[in-house]
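Peer 1: Count the sequence shown with full-length UniProt numbering and you get residues 1 to 271, in order. Idealized CB from N, CA, C, for every residue including glycine. Please read all numbers here as calculations on a predicted model, not as lab measurements.
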Amino acid sequence: MAEANRNNIERFTGFGTLYDRNRPSAPEEVVKILTNYLKDKPKLVVDVGCGTGLSSFIWLDVAEKIIGAEPNDDMRQVAESRLEEVGAPTSLSFVKALSHQLGLPDESADIITCSQAFHWMEPQTTLEEFARILRPTGIFAAYDCDWPPTCDWRLEEHYNRLYSLTEEHLSQFLSSEEKIHRWPKGEHLQQIQQSGLFSFAKEIVFHHWEECNAERYANIALSQGGLQTALKLGVKELEFEFTEFKNHVEEVFAGETKEILFSYRMRIGIK
């Protein structure tokens, strides 16, 4: 499992800036839903697997203190540089930590979030750590986008073909020691329920519109870890396939900026 953790972490090395500029920002619905359940201003929010901080910055001016935990140095450095750009607020900080070894005191957090990240974490040890850190009635929330974002059905079909091909190549090119381990997102709610650590669990579905041009839509696809890994390995067929996809994106957007829909699934557990 230690080897899987290392592979999962290193999967995102080298494209933190690309990720940060093109992935969707965490929508305000996340804050509204969780603070409504909490019924109070959170004193501490811990955003685990925070990446470049897209899911951490939304808590500024909401929580008294925010800690973004990210084990990948490249991603975390982008988050720290963004912190300087917004005036280095003292309420937000980023630390290097694994989900099952956060090093925070017992019952110290009101809310723990994992945005696009819980599927990279071993669920049992992670949930035990989260339950240890959460205060009574504290909330854990894992939320993820459905890929691809809604825009044009033919383009979405092309996106899915590109990723099916990516997974085929990775299964051929990576040795068993090099492969990552990913837990199914569809089992997040079941993992929370079966842990026995939470008194209430639920799945919540919501949507968020964002503006997007052709460059960003293509880069959203390029920001996926699987495609990045395959391109780093020099898979020439995928280089060609991504060029074909990018051309299709440019054809669909035709030089315009469009609204695209990100659909989210949030699984929560209340201690």
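(1) Tell me which residues share the same chain as L34 and place their Cβ nearer than 7 Å to its Cβ, disregarding the 5 neighbours each side in the sequence.
(2) I'd like the list of long-range same chain contacts for E259, defined as Cβ closer than 8 Å, with 5 residues on each side in sequence excluded.
(3) On the three-state DSSP scale, how would you describe Q190?
(4) Apart from the five residues on each side of it in sequence, which residues of its chain come closer than 7 Å, Cβ to Cβ, to H188?
(5) Evaluate the contact criterion for the segment 232 to 249 versus the segment 194 to 205: three or more CB pairs, one atom per stretch, below 8 Å.
(6) Determine the closest residue to G186 out of S99, R265, V78 and E85, with distance taken between C-alpha atoms.
(7) For a test of the three-state rule: what should DSSP assign to L199, helix, strand or coil?
(8) Could you tell me the alpha carbon to alpha carbon distance between L165 and P27, rounded to whole angstroms?
(9) Assign E177 to one of three DSSP states: helix, strand, or coil.
(10) Looking at L197: is its Cβ nearer than 8 Å to the Cβ of A131?
(11) Terminal residues of the continuous alpha helix (DSSP H) containing V31?
(12) Decide if the segment 123 to 137 is in contact with the segment 223 to 235; the criterion is three or more beta carbon pairs, one per stretch, under 8 Å apart.
(13) Just how far apart, CA to CA, sit S93 and V62?
(14) Taking only the alpha-carbon atoms, compute the straight-line gap between E215 and L104 and give it to the nearest angstrom.
(15) Assess, as a yes-or-no matter, whether the segment 248 to 256 is touched by the segment 148 to 163 under the definition of 3 or more beta carbon pairs within less than 8 Å.
(16) Among the residues of its own chain, which have a CB less than 6 Å from the CB of G49, if the five just before and after it don't count?
(17) What separation, rounded to the nearest whole angstrom, lies between the Cα atoms of F253 and P24?
(18) Going by the CB atoms, is the gap between S99 and K65 shorter than 8 Å?
(19) Put Q224 into one of helix, strand or coil per three-state DSSP.
(20) I need the boundaries of the beta strand (DSSP E) containing R82, first residue and last residue.
(21) Counting only runs that start and end within the segment 116 to 181, where is the beta strand (DSSP E) found for 3 or more residues in a row?
(22) T150 to R21, Cα distance in whole Å?
(23) Could you name the residues of the same chain whose beta carbon sits closer than 8 Å to that of L60, not counting the 5 residues immediately before and after it, in chain order?
(24) Is the beta carbon of P42 within less than 7 Å of some heavy atom of the ligand MN?
(25) Would you identify the three-state DSSP class for D47, choosing helix, strand or coil?
(26) By DSSP, does K185 sit in helix, in strand, or in coil?
(27) What's the C-alpha gap between T17 and A79?
(28) Return the bridge partner residues of I111 from the DSSP annotation.
Peer 2: Taking the definition as stated:
(1) Position 34 of the sequence shown, counted from the first residue, corresponds to residue 34. Around L34: I111, I139 and A141.
(2) Within the sequence shown, residue 259 is the residue found at index 259, counting from 1. Only W209, E210, E211 and C212 meet the Cβ criterion.
(3) Stepping through the sequence shown from its first residue, residue 190 is reached at position 190. DSSP places Q190 in helix when its eight states are reduced to three.
(4) Along the sequence shown, read from residue 1 onward, the residue named residue 188 stands at position 188. Closer than 7 Å at the Cβ level, and outside the excluded window around H188, lie F118, A142 and R267.
(5) no
(6) Locating residue 186 in the sequence shown gives position 186, counting from the first residue. With distances taken between Cα atoms, G186 lies closest to R265.
(7) For the purposes of this step, residue 199 is taken as residue 199 along the sequence shown, with counting starting at 1. The sequence as given places Ser at residue 199; Leu does not occur at that position. Correct three-state label for S199: coil.
(8) Counted from its first residue, the sequence shown places residue 165 at position 165. Counted from its first residue, the sequence shown places residue 27 at position 27. Between L165 and P27, the C-alpha separation is close to 30 Å.
(9) For this step, residue 177 is matched to residue 177 along the sequence shown. Any reading at E177 must be qualified, since the residue scores a pLDDT of 46, below 50, and its modelled position is unreliable; the value itself is stated next. Coil at E177, not helix or strand.
(10) On the sequence shown, position 197 is the one that residue 197 refers to. On the sequence shown, position 131 is the one that residue 131 refers to. Yes, the Cβ-Cβ distance between L197 and A131 is below 8 Å.
(11) Start at 1 with the first residue of the sequence shown, and residue 31 comes out as number 31. Residues E28 to L38.
(12) no
(13) Working through the sequence shown from its first residue, we reach residue 93 at position 93. Working through the sequence shown from its first residue, we reach residue 62 at position 62. Roughly 15 Å separates the two Cα atoms.
(14) For the purposes of this step, residue 215 is taken as residue 215 along the sequence shown, with counting starting at 1. For the purposes of this step, residue 104 is taken as residue 104 along the sequence shown, with counting starting at 1. Computed Cα separation, rounded: 40 Å.
(15) yes
(16) Within the sequence shown, residue 49 is the residue found at index 49, counting from 1. So the qualifying residues of the chain are C114 and A117.
(17) Counting from one through the sequence shown, the residue named residue 253 turns up at place 253. Counting from one through the sequence shown, the residue named residue 24 turns up at place 24. Straight-line Cα distance between these residues: approximately 18 Å.
(18) Taking the first residue of the sequence shown as 1, we reach residue 65 at position 65. Taking the first residue of the sequence shown as 1, we reach residue 99 at position 99. Not closer than 8 Å, so no.
(19) Looking up residue 224 in the sequence shown gives position 224. Looking at Q224 - three-state DSSP - the assignment turns out to be coil, as it is neither helix nor strand.
(20) Within the sequence shown, numbered from 1, the residue matching residue 82 stands at position 82. Premise fails: R82 lies in the alpha helix (DSSP H), D73 to E85, not in any beta strand (DSSP E).
(21) 134 to 145
(22) Against the sequence shown, residue 150 aligns to sequence position 150. Against the sequence shown, residue 21 aligns to sequence position 21. Going from the Cα of T150 to the Cα of R21 covers about 19 Å.
(23) Counted from its first residue, the sequence shown places residue 60 at position 60. Around L60: I66, V86, P89, S91 and L92.
(24) Judged by which ligands are present, the structure shown has none, so any question about the ligand MN falls away.
(25) Walking along the sequence shown from the start, residue 47 turns up at place 47. D47 falls in the strand class under three-state DSSP.
(26) For this step, residue 185 is matched to residue 185 along the sequence shown. Helix at K185.
(27) Working through the sequence shown from its first residue, we reach residue 17 at position 17. Working through the sequence shown from its first residue, we reach residue 79 at position 79. Their Cα atoms are separated by approximately 9 Å.
(28) Here residue 111 corresponds to residue number 111 of the sequence shown, with the count starting at 1. Answer by DSSP bridge pairing, in chain order: V45 and I139.
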